[in-house]
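First comes the structure, then the notes that go with it.
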Ligand SMILES: NC(=O)c1ccc[n+]([C@@H]2O[C@H](COP(=O)([O-])OP(=O)(O)OC[C@H]3O[C@@H](n4cnc5c(N)ncnc54)[C@H](O)[C@@H]3O)[C@@H](O)[C@H]2O)c1
Ligand SMILES: [Zn+2]
Ligand SMILES: [Zn+2]
């Protein structure tokens, strides 16, 4: 089969690989029809995540058709069209039972701090991912979900990660009706978080980024205010001023370790790898939230350390909530929102590529060329 | 602050608001199972037929695991060493980052040994630059040409000096 093949930081290609096979009775093999590139993939692509091995296939946001199932798969059958949550979850361990599907203890041998994720380095389990014609999907009765009749495949595709992650970012913020919510990052995740903040009753939603085209998009798409930190001398001071010198009720970090905006953080976090990515957005989030406020983190950082003002977390009495999104937990509610027209995820898709053009797709998304927001790989129908 | 309530017209506004929703996710669905520790009924165990490096913070492999890119070569030796240290230790993560970089060179050697000359320009997706970012592409090419130029000049100077003194 044809599959994305990682060759090193900033270098990927599509090449032939053996087809995946069933390795466990609860496995299924999915023939991929569409697959996204995610901001999380960029952390791998930029070489920030330890144990990202050459030859791996990335991709954790995909949908497709079931072509083979193991002997212990009962809910799925060959021919089903499914969306596959990015978390690999057993459904049985103590964490899965608490619906912490992003924290499963039976899907990752190589690190205990994170559950298994498709195509996300060996630190997240060493699984080849879905930027390929076929992919092995473990615990097929737990995660994969048959796409509801009448749902647009692009909407289904974005339910594998971006929509639940944005929603959970808002949910973890514990937004109360009337709250002012600040979202750092106007990528796919930040855009969804801003959109979802309203569902929880926010009275004011502010998005911060430095890419004008994304700010423009989110302003219209999520009916929010959007500001360019490149033209604000000090984003924290700006946010304090605009909240009556109080601070936001909730701040959401939807940026993660590839953050720009602070030369020291960029140098130590992204160039020298002395930190697990640059923590600029998280730093701003902590300093712009009100005393007693909540910082919700969905931006991804590596497994070592980051420089954040933890003293301010203490002195301000901030609650920090964070996690990988628990996709399966949120699917029923989000399917509802999409079918009712309250959410329209597919509108964020800006680019489509065949798998053969994977290198251009990555570069374009990473360098934010041609006003790229969300790129999708569309597999040829052979 | 704006005090108009227009936002309440946004489709779905407030539909998921639940002031009683505390504690919030991720502590919301606490079941008490934690106190049984790791004694859940485990899924059937995947048969191990490739080398899997296991975090020393767990007693055994997870019931399923990925089998992509098993450790090989020098990077593999370093990775095996790294897994002697816990996830709490730099001894674990820094060698892994080093192994990742060495692995890139191994990848190029592997390509060459299979008769493939990696097309690094194509792999870096510069075609997209050609389409959408001609300025940056020109800059990259110029910078690389300049660096190459300087190296050539230095090398040729060194040679001359050598011949002068030698
Ligand atoms: N927790 C999860 O389950 C989960 C799931 C998906 C993605 N993520 C993470 O969410 C983050 C965003 O993903 P994405 O797909 O939207 O990525 P993206 O790269 O498209 O977007 C990130 C945005 O942040 C902006 N940015 C950079 N520095 C900033 C700063 N200091 N302040 C504000 N904005 C800044 C960038 O310009 C960009 O628009 C990534 O870290 C990704 O790994 C987490
Ligand atoms: Zn993702
Ligand atoms: Zn589990």
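Chains as they are written, first to last, in the UniProt record's numbering: chain A, 1 to 382; chain B, 1 to 166. For each residue, glycine too, the CB sits at the ideal point set by N, CA and C.
Any idea what DSSP makes of residue i, helix, strand or coil?
i: residue 385/A; result: There is no way to answer for residue 385/A, as the model of chain A reaches only from 1 to 382.
i: residue 258/A; result: strand
i: residue 149/A; result: coil
i: residue 105/A; result: coil
i: residue 124/A; result: helix
i: residue 24/B; result: coil
i: residue 83/B; result: coil
i: residue 235/A; result: helix
i: residue 57/B; result: coil
i: residue 288/A; result: helix
i: residue 316/A; result: helix
i: residue 184/A; result: strand
i: residue 89/B; result: coil
i: residue 63/B; result: coil
i: residue 15/A; result: strand
i: residue 133/A; result: coil
i: residue 363/A; result: helix
i: residue 88/A; result: strand
i: residue 2/B; result: Confidence is the limiting factor: at residue 2/B the pLDDT is only 48, short of 50, which leaves the residue's position unreliable and the question unanswerable from this model.
With a cut-off of 8 Å, does the C-beta of residue i fall near any C-beta of chain A?
i: residue 85/B; result: no
i: residue 147/B; result: no
i: residue 54/B; result: yes
i: residue 144/B; result: no
i: residue 123/B; result: yes
i: residue 114/B; result: no
i: residue 118/B; result: yes
i: residue 17/B; result: yes
i: residue 61/B; result: yes
i: residue 165/B; result: Summary for residue 165/B: the model assigns pLDDT 48, below 50, so the residue's position carries little reliability; its value from the coordinates is reported in the next sentence. Answer no: the Cβ-Cβ gap between residue 165/B and chain A never drops below 8 Å.
i: residue 10/B; result: yes
i: residue 1/B; result: Here residue 1/B scores only 43 on pLDDT, less than 50, and its place in the model is too uncertain to base an answer on.
i: residue 107/B; result: yes
i: residue 66/B; result: yes
Can you find a C-beta in chain B that's less than 8 Å from the C-beta of residue i?
i: residue 35/A; result: no
i: residue 201/A; result: yes
i: residue 287/A; result: no
i: residue 55/A; result: yes
i: residue 76/A; result: no
i: residue 374/A; result: no
i: residue 19/A; result: no
i: residue 323/A; result: yes
i: residue 364/A; result: yes
i: residue 304/A; result: yes
i: residue 109/A; result: yes
i: residue 90/A; result: yes
i: residue 43/A; result: no
i: residue 52/A; result: yes
i: residue 125/A; result: yes
i: residue 265/A; result: no
i: residue 245/A; result: no
i: residue 337/A; result: yes
Less than 8 Å between the CB atoms is what I'm expecting for residue i and residue j, so what's the real figure, rounded?
i: residue 173/A; j: residue 181/A; result: 6 Å
i: residue 296/A; j: residue 248/A; result: With 8 Å as the limit, residue 296/A and residue 248/A do not qualify as a contact, their Cβ atoms being about 11 Å apart.
i: residue 208/A; j: residue 227/A; result: 6 Å
i: residue 75/B; j: residue 102/B; result: 5 Å
i: residue 377/A; j: residue 15/A; result: Wrong, their Cβ atoms sit about 15 Å apart, outside the cutoff.
i: residue 102/A; j: residue 325/A; result: 6 Å
i: residue 1/A; j: residue 33/A; result: Between residue 33/A and residue 1/A the Cβ distance is about 14 Å, and since that is not below 8 Å, they are no contact.
i: residue 126/B; j: residue 137/B; result: 6 Å
Measure the Cβ-Cβ separation of residue i and residue j and say whether it is below 8 Å.
i: residue 11/B; j: residue 321/A; result: no
i: residue 4/A; j: residue 131/A; result: yes
i: residue 46/A; j: residue 258/A; result: yes
i: residue 58/A; j: residue 6/A; result: yes
i: residue 13/A; j: residue 361/A; result: no
i: residue 286/A; j: residue 312/A; result: yes
i: residue 250/A; j: residue 179/A; result: yes
i: residue 119/A; j: residue 129/A; result: yes
i: residue 383/A; j: residue 49/A; result: This structure cannot speak to residue 383/A, because chain A is shown only from 1 to 382.
i: residue 76/A; j: residue 140/A; result: yes
i: residue 281/A; j: residue 210/A; result: no
i: residue 80/A; j: residue 146/A; result: yes
Which residues in chain D sit within 7 Å of residue i, going by Cβ to Cβ distance?
i: residue 172/A; result: In the structure shown, chain D cannot be found, because the protein chains are A and B.
Please name the residues in the stretch 218 to 235 of chain A whose beta-carbon is closer than 7 Å to at least one beta-carbon of chain B, in chain order. 223
In chain order, what residues of the stretch 5 to 17 of chain A put their CB closer than 7 Å to some CB of chain B? 7, 8, 10, 11, 12, 13
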